[in-house]
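Colleague: Quick one: this structure, given as C-alpha cells, is what I'll be asking you about.
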Amino acid sequence: RLERSIIRDKRGFFLKVIDGNEEFNPFKCEVYITVAHPGQTKGGHYHKVANEWFTLIEGKAILLLEDVKTQQKNKIRLNSLNPKTIFVPPYLAHSFYNNGKSDYILLAYTDKIYHPNDTISYDFGPIDE
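Numbering of the sequence shown is given in the numbering used here, commencing with residue 1440 and proceeding in unit increments.
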C-alpha cells in the first residue's frame, strides 16, 4: 500500500497514481490523473525524452500541439463522449484547455519517470476556441 498526494491549485488538481518506483513494478513509467476546472489550462510544456499518451475520461478540452522544431501547429477537440487516446512524442509541446462547463478528468501515461530537466515550459499564447 502506497500513500499518494493530491496536488491542488486554482486550476484543479494532479494525482500521480504510478510513479515507477513501486515495489515489484518492473516498468519505469508514470500514470497520473489531472483535473482542470472550466476555463483552466494544464500542460504548456514539451519533453526532450519522454513519450506520453493522454485520454480524456470526463468533460471537454482543446488539446493544443506544436512541434517545437518546425512550429507546425495542431488543435484537437476532445470530448469524453467520444474518447480518444492521443500520443505525444518528444519535442511536441502540448497544452489542454478546459472549454467545457464542468471539470475535465485527463488520464495520462508516460514512459519515463519525471525528471525536471525533461519538462520544458512552452508558451502557446492566447487560446482561440
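Cβ atoms here follow ideal geometry from the backbone N, Cα and C, with glycine treated the same way.
To the nearest angstrom, report how far apart L1454 and L1546 are at their CA atoms.
Modeller: Rounded to the nearest angstrom, the two C-alpha atoms are 10 Å apart.
Colleague: Below 8 Å on the Cβ atoms is my guess for I1501 versus N1538; work out the distance and round it to an integer in Å.
Modeller: Sure, about 5 Å apart at Cβ, within 8 Å.
Colleague: Could you name the residues of the same chain whose beta carbon sits closer than 6 Å to that of I1525, not counting the 5 residues immediately before and after it, in chain order?
Modeller: Closer than 6 Å at Cβ, skipping near neighbours: F1493.
Colleague: Run through the stretch 1482-1556 for me and flag every whole beta strand (DSSP E) of 3 or more residues, listed as ranges in chain order.
Modeller: Correct list: 1491-1497, 1499-1506, 1512-1518, 1524-1527, 1531-1536, 1543-1549.
Colleague: Determine whether the beta carbon atoms of P1528 and N1556 lie at a separation below 7 Å.
Modeller: Not a contact, by the Cβ cut-off of 7 Å.
Colleague: To the nearest angstrom, report how far apart R1440 and G1482 are at their CA atoms.
Modeller: Straight-line Cα distance between these residues: approximately 29 Å.
Colleague: Would you check if the stretch 1462-1473 and the stretch 1506-1513 touch, i.e. whether three or more CB-CB distances between them fall below 8 Å?
Modeller: Counting Cβ pairs under 8 Å, fewer than three are found: no touch.
Colleague: Quick check on this structure: which residue in D1550, D1562, P1522 has the alpha carbon closest to the alpha carbon of Y1543?
Modeller: Among D1550, D1562, P1522, the Cα nearest to that of Y1543 is on P1522.
Colleague: Can you give me the Cβ contacts of T1473 inside the same chain, cut-off strictly under 6 Å, excluding the 5 residues immediately before and after it?
Modeller: For T1473, where only same-chain residues beyond five positions count, the Cβ hits under 6 Å are F1453, K1481, L1545.
Colleague: If you check the beta carbons only, do I1559 and H1476 fall under 7 Å apart?
Modeller: Contact flag unset, no.
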